[in-house]
Structure formats: structure tokens, C-alpha cells
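Novice: Residue 310 in my numbering sits at position 269 of the sequence shown, with consecutive numbering throughout.
Below you'll find the structure I mean.
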Amino acid sequence: MIDLTDIHVDGPTGPLLRKTNFSIAAGERVGIVGESGSGKTLLALSMMGMVSDQLTVGGVINVEGRDMTSASEVDWRLLRARRLSMIFQEPMSALNPLRRVGDTVAAPLMRHQGYTREQARARALSLFEETGITEPERRLSQYPHQLSGGQRQRVLIALALACDPALLIADEPTSALDAEVALRITDLLVRLSRERDMALLFISHDLAAVSRTTERIIVMYGGDIMETGSTRTIMHASRHPYTKGLLAARPALSTLGKRRLPTIPGSVPPPQDLPRGCRFAGRCPVEMAHCATERPALILTSTGAAACHRHIADDSGGQ
Ligand SMILES: Nc1ncnc2c1ncn2[C@@H]1O[C@H](COP(=O)(O)OP(=O)(O)O)[C@@H](O)[C@H]1O
Ligand code: SF4
Ligand SMILES: [Mg+2]
């Protein structure tokens, strides 16, 4: 339903997202995973026509057969109101603190879909029921601060569903929630995607959350795709050193919430300091001499695609 071809985003100091191809089909559940600063949100914003004006977007954006590459802001707004929705990490900042949550959900129905006030309220109630909001009738007239973090995220999901979107992008939707509430929200997103045949793009730095939610995963680092494949392949037969690093850094379930999350050694450099070859050079445990200067192509493997010189060298019998 969405196809991005050679999409790229440039900032004042250079590339933030390198030429990338991406597609998601109707009803498909796809994950994007990578450390903070990998370009996950920029990729999502580019398919919503929402990249900041200070940045330049290039490439071709096709949504449900319609070329949106040079669409006007009005066209994008209409498309977002009818076909595409996005929810973010912090539900509190996305909700108006002075507005009852029922009114927040009802407003776009009246504005974009011609509902009367009563019809919009009834629809908001059914969306609250569908998203598992407790005591939905009473919640309609409550303010955001009267709800828990998990209930607030459900309100945002209800709001995102109000226009019956063909695609829901959930950008770190569980990062501000505790582990148990996060699990329930990911389960809810999977159920909604199945019941509504709605495509779901689930973005997180947490590989475990992404693997529970999706059928296919894209691993990003430094504004580049490192590896893609089915969720099973990425979790059990990954070919890329960065993905393997993310897998190794996963906390054991028994230590969840008890200590700091383990991480890949080193930290993500700012975009202007990233190597021009493989973005992971400098942190990669199996780096080769030409890695920092030559960008590895995304090469098809038997089960997906990986961008790594080592993987190519090993497969061809070298090294
Ligand atoms: N509006 C912007 N202006 C300048 N740099 C930006 C802007 N938005 C994002 N970036 C930079 O682009 C890179 C990718 O950002 P982002 O897509 O938000 O990463 P992620 O979602 O994976 O954490 C980061 O280095 C970030 O600082
Ligand atoms: S291309 Fe080189 S630096 Fe990049 S992941 Fe592969 S081995 Fe590591
Ligand atoms: Mg982000």
C-alpha cells in the first residue's frame, strides 16, 4: 500500500537518512528497530509527508497507487485524515490537557467525516471499547491527567483509528510504559491490525517488543538499513553484526526492570561523524579494512537482505 523508492532525507550538515527503499502491504505488520538516532522516525515521517521543513526529502513516495512525491500540504493532510495514522511515545504530550478525551476523539469525526455531535460521541465510545479502555463511558468525559499512561496510550490509539486508517504507524508506543502495560499495548496493536486488516508499522529500539508484534523487521543504524527479513529470520538466523549486537544486548527476562539495559559497546556518533562507508564501522567487532570507506550494498540472502562486507566476503569463501 506504501512504496518508497530511493527515499532520502538531508539535513544542514549532510545525510540523515541514506537512499532507502521500503514498502508495506495492506494488512502487513512490519517493524523498524535500531538504537536512538538510527533514522527510524525520519523514515516514518517521510511516508506521512511530515518531515520538518528544515530538512530535504528526495525519492519517490507512492501511497495506494498514488504518487505523493510532489503532493501539496493540503493533499497530504487529506490523506492523513483518511488513510494514515501515527501514534507517538508520549501520549501526554499528544493530548490536549484542557480537553476531555472523548471530545478529542470525537472532533476529527465531526470535522472530516460529517458526524453529528451525538454520532461522534457514540463512535468515540465504541472506539474506547474496541481499544480496551476500562469504564469507557465514564472516561469519555475525563481529562488526560485523570488517566494512567496505559489508558492514555489507548486513547491515542482510539484517536488514530477514528478515520479507519489503512496504515497505523506506532513510533515507540510503549517506551514510556512499564513492561506489563507495554505487553498489553503491543497485543492490542496486533489484534487491531488483524481484525481491521490494517497495516501496522511498529517502531522501537526494543527488539523484543518489535519481534512480538511484527511479521517482518527492518534493522536501521546511522540512517541506513542494515538488514531486513522475516521476524523469525532476524531473531534466529540474523546475518548482520549490528543485528547480532542488538540481539546480544537484549536483557534476560529475569533482569527486566532490575538493572540498566545492556547495550552494544560504544555510542551512536552524530550524523556528521558517521563513517561514509558502513555506518556501523568503528563499533563493529568484525570490521574489515575497507568497511569505513565503502558502503556495503544491501544484498539478498536466502531469507532476507543484509548490508555487510563481512557477510559478502564470508559467503564468497574469502576471509
Ligand atoms: N529536524 C531535524 N533537524 C536536524 N536533525 C534531525 C532532525 N530530525 C532528526 N534529525 C537527526 O536525524 C537522525 C535520525 O533521527 P530519528 O529518525 O529521529 O532517529 P530515531 O527515530 O531512530 O531515534 C538523528 O541523528 C537526529 O538527530
Ligand atoms: S560492513 Fe564491516 S563494519 Fe559494517 S557491519 Fe559489516 S563487517 Fe561490520
Ligand atoms: Mg524516533
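Glycine included, each C-beta is placed from N, C-alpha and C at the ideal position.
If you're wondering where the values come from, they're calculated on a predicted model, not measured in any experiment.
Based on Cα-Cα distance, which residue from Gly99, Gly68, Ile258 and Asp247 lies nearest to Thr215?
Specialist: The option with the nearest alpha carbon to Thr215 is Asp247.
Novice: In angstroms, rounded to a whole number, what distance separates the CA positions of Thr61 and Pro149?
Specialist: Spanning the two alpha carbons is a distance of roughly 33 Å.
Novice: So, does the region 63-82 touch the region 203-214, judging by three or more C-beta pairs under 8 Å?
Specialist: Yes, they touch.
Novice: Nearest by alpha-carbon distance to Ala122: which of Phe129, Leu139, His153 and Gln130 is it?
Specialist: It is His153 whose Cα lies nearest to the Cα of Ala122.
Novice: Can you check whether the C-beta of Asp51 is within less than 9 Å of a C-beta belonging to chain D?
Specialist: Included in the structure is just one protein chain, with no chain D present.
Novice: What three-state label does DSSP hand His331 in the structure shown?
Specialist: His331 falls in the coil class under three-state DSSP.
Novice: Comparing alpha-carbon positions, which option in Met42, Leu45, Leu58 and His49 lies nearest Tyr40?
Specialist: This structure cannot settle anything about residue 40, because the visible part of the chain is limited to 42 through 360.
Novice: For the pair the region 106-113 and the region 263-282, tell me if three or more CB-CB distances fall below 8 Å.
Specialist: With a cut-off of 8 Å, the region 263-282 and the region 106-113 do not count as touching, because too few Cβ pairs lie within range.
Novice: Could you tell me the distance, in whole angstroms, from the CA atom of Lys285 to the CA atom of His352?
Specialist: The straight-line gap from Cα to Cα measures roughly 12 Å.
Novice: Say the cut is 8 Å; is the CB of Tyr184 nearer than that to a heavy atom of ligand 2?
Specialist: No, since every heavy atom of ligand 2 falls outside the 8 Å radius drawn around the Cβ of Tyr184.
Novice: Skipping 5 residues on each side, what residues in its chain have a beta carbon closer than 6 Å to that of Thr172?
Specialist: Hits under 6 Å: Arg195, Ile198 and Ala199.
Novice: What did DSSP end up calling Ala346 once you bin it into helix, strand or coil?
Specialist: DSSP places Ala346 in strand when its eight states are reduced to three.
Novice: For Gln192, count neighbouring Cβ atoms within 10 angstroms of its own Cβ and tell me buried if that reaches 16, exposed if not.
Specialist: When all chains shown are included, Gln192 counts as buried.
Novice: Residue range of the beta strand (DSSP E) that Ala211 falls in?
Specialist: Unbroken beta strand (DSSP E) run through Ala211: Leu208 to Asp212.
Novice: What are the boundary residues of the alpha helix (DSSP H) that Met276 is part of?
Specialist: Run containing Met276: Thr272 to His277, per the alpha helix (DSSP H) assignment.
Novice: If you drop the 5 nearest sequence neighbours on each side, which residues of the same chain put their C-beta closer than 6 Å to that of Ser295?
Specialist: Residue placement at Ser295 is flagged as unreliable, the pLDDT there being 48, under the threshold of 50; a coordinate-derived value is accordingly withheld.
Novice: Tell me whether Asp47 sits in a helix, a strand or coil according to DSSP, three-state version.
Specialist: The answer is strand: DSSP assigns Asp47 an E or B state.
Novice: Among Phe321, Pro326, Leu341 and Gly345, whose alpha-carbon lies nearest the alpha-carbon of Thr334?
Specialist: Checking every option, the nearest Cα to that of Thr334 belongs to Phe321.
Novice: In the DSSP assignment, the alpha helix (DSSP H) including Ala66 goes from what residue to what residue?
Specialist: No alpha helix (DSSP H) holds Ala66; DSSP gives it neither H nor E.
Novice: Taking 9 Å as the threshold (C-beta atoms), are Leu233 and Leu188 in contact?
Specialist: Cβ distance not < 9 Å, so Leu188 and Leu233 don't count as in contact.
Novice: My guess is that Phe63 and Leu83 are in contact by the Cβ rule of under 8 Å, so how many angstroms apart are they, rounded?
Specialist: Not a contact, Cβ separation roughly 12 Å.
Novice: Is Gly72 closer than 9 Å to Ser245 when the C-beta atoms are compared?
Specialist: Cβ atoms of Ser245 and Gly72: closer than 9 Å.
Novice: Any chance you could list the residues with Cβ under 6 Å from a heavy atom of ligand 2, keeping chain order?
Specialist: Any residue whose Cβ sits closer than 6 Å to a heavy atom of ligand 2 makes the list: Pro282, Tyr283, Cys319, Phe321, Ala322, Cys325, Val327, Glu328, Met329, Cys332, Pro337, Cys349, His350 and Arg351.
Novice: From Leu287 to Ala240, what does the alpha carbon distance come to, in whole angstroms?
Specialist: Answer to the nearest angstrom: the Cα atoms are 25 Å apart.
Novice: Let's see if you can read the secondary structure: which residues bound the beta strand (DSSP E) around Thr97?
Specialist: Segment Thr97 to Val104, the beta strand (DSSP E) holding Thr97.
Novice: Closest to Tyr283 by C-alpha separation, out of Ser271, Cys319 and Ser252, would be which residue?
Specialist: When each option's Cα is compared against that of Tyr283, the closest is Cys319.
Novice: How would you call Val115, buried or exposed, if buried means at least 16 neighbouring beta carbons within 10 angstroms?
Specialist: Counting Cβ neighbours within 10 Å, Val115 comes out exposed, since fewer than 16 surround it.
Novice: Can you find a heavy atom of ligand 1 that lies under 8 Å from the Cβ of Lys285?
Specialist: Not so, every heavy atom of ligand 1 lies at least 8 Å from the Cβ.
Novice: I need the straight-line Cα distance from Ala163 to Arg317, nearest angstrom please.
Specialist: So the two alpha carbons sit approximately 54 Å from each other.
Novice: Compute the Euclidean distance between the alpha carbons of Glu213 and Phe129, then round it to the nearest angstrom.
Specialist: Cα to Cα, Glu213 sits roughly 6 Å from Phe129.
Novice: For ligand 1, which residues have a Cβ under 5 Å from at least one heavy atom, in chain order?
Specialist: After applying the 5 Å Cβ criterion, the set is Gly52, Leu57, Ser77, Gly78, Ser79, Gly80, Lys81, Thr82, Leu83, Ser93 and Pro312.
Novice: According to DSSP, is Asp108 helix, strand or coil?
Specialist: Strand, per DSSP.
Novice: For a test of the three-state rule: what should DSSP assign to Glu268, helix, strand or coil?
Specialist: Strand, per DSSP.
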